[in-house]
Amino acid sequence: MKTPDFLGLPNLERLVLEGRTSLVQVHNSIGYLDKLYFLNLKNCEKLRNLPHSICKLKSLKKLILSGCSKLDKFPAFSCFDSFTSSLVFALWFMLPKKIRPLFLWSVRWCSFTCTW
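Just so it is clear: in the sequence shown, position 72 is 65 by the numbering used here, and no numbers are missing.
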């Protein structure tokens, strides 16, 4: 399953898709949601792909991806360089599965913080 086209929702500020276990892909039009500041994709277990257009979300302050263990396409961290506020990621899926429960990792990269 893929999210619908977001072009008709220019004023959307919060998007919660938590627990949508059949969601595989987020539509590329998400990059046009200029007012989106909160995106929760927690426990979207089959999510495989986040479009590069997510880098256009200049208002985004919180992106939650914990439980997205099948995510295999994610924009490079460098695409978030222009964010001026803190951007929080729940990126535990990037660690090897054996050590995910053991670590709470915080990394500062340019102007945002990654934590999970």
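Even glycine gets a Cβ: it sits at the ideal position worked out from N, Cα and C.
- Taking VAL17 as the centre and dropping the five residues before and after it, the same chain places the C-beta of MET(-6), LYS(-5), LYS39, LEU40, ARG41, ASN42 closer than 8 Å to its C-beta, in chain order.
- In the structure shown, ASN4 falls within a coil segment according to DSSP collapsed to helix, strand and coil.
- Counting along the chain, LEU56 sits inside the beta strand (DSSP E) bounded by residues 55 to 57.
- Setting aside the 5 residues that flank it on each side, LEU26 is surrounded in the same chain by PHE(-1), LEU5, each with a C-beta closer than 6 Å to its C-beta; the list follows chain order.
- When the alpha-carbon of LYS63 is set against those of LEU53, LYS55, ILE57, CYS37, the nearest one is in CYS37.
- By the beta-carbon neighbour count (other beta carbons within 10 angstroms, threshold 16), VAL19 is buried.
- In the DSSP assignment, the residues bridged to VAL9 are ASN33.
- DSSP places LYS(-5) within a strand segment (E or B) once states are collapsed to three.
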